[in-house]
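Just so we're aligned: 64 in numbering that gives the first Met the number 0 is position 65 of the sequence shown, and the numbers increase by one with no gaps anywhere.
We treat Cβ as the ideally placed atom computed from N, Cα and C, and that holds for glycine.
One structure is given here, and the rest of the page talks about it.
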Amino acid sequence: MSNMANEDNYPFLSILFKYSGQLELLKHLLPIVKFVQILNSKLGYHLTRQNAKEMDFKTFLEKESDDDENHNSLKTAFEKVECSYTFCKPISMS
0 MSNMANEDNY PFLSILFKYS GQLELLKHLL PIVKFVQILN SKLGYHLTRQ
50 NAKEMDFKTF LEKESDDDEN HNSLKTAFEK VECSYTFCKP ISMS
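Now the structure itself:
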């Protein structure tokens, strides 16, 4: 079978193989989305935009951590975002 026949018979696989290098980036999207959801649920309308811009994550973590479990979950979520951002940043800059 020729490549054209394969592309006609299996269009989804053709697209999948065409963009396979970029699909690896999708796994880094979920931690970022989850962290944004956590921030939105924790902060919502409690902070003004200006206060949110001025607050660093350490201050936020101390303020929002009611107990060790909450502190650890926020810290873990942030570390996953940091890892995802570090991985994706060089790719987006090229």
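If you follow the alpha helix (DSSP H) that residue i is part of, which residue opens it and which one closes it?
| i | result |
| --- | --- |
| T58 | 56 to 63 |
| G20 | 19 to 22 |
| L42 | 28 to 42 |
| D7 | 2 to 8 |
What is the rounded straight-line gap between the Cα of residue i and the Cα of residue j?
| i | j | result |
| --- | --- | --- |
| Y9 | L29 | 28 Å |
| M3 | L22 | 23 Å |
| T75 | N5 | 44 Å |
| M54 | P89 | 26 Å |
| E63 | Q36 | 15 Å |
| F56 | D7 | 51 Å |
| Q49 | F59 | 14 Å |
| S38 | S13 | The sequence shown places Leu at residue 38, rather than the Ser named in the question. If I take the Cα positions, the gap works out to 38 Å. |
| S40 | I31 | 14 Å |
So, does the CB of residue i fall closer than 8 Å to a CB anywhere in chain B?
| i | result |
| --- | --- |
| E61 | No chain B is present in this structure, which holds just one protein chain. |
Validate contact between the region 27 to 42 and the region 70 to 88 using beta carbons, cut 8 Å, 3 pairs = Between the region 27 to 42 and the region 70 to 88 there are three or more inter-stretch CB-CB distances shorter than 8 Å, so the stretches are counted as touching.
ask   = Do three or more CB pairs link the region 10 to 19 to the region 69 to 77 at distances below 8 Å?
value = By the Cβ test, the region 10 to 19 is not in contact with the region 69 to 77, since fewer than three Cβ pairs between them sit closer than 8 Å.
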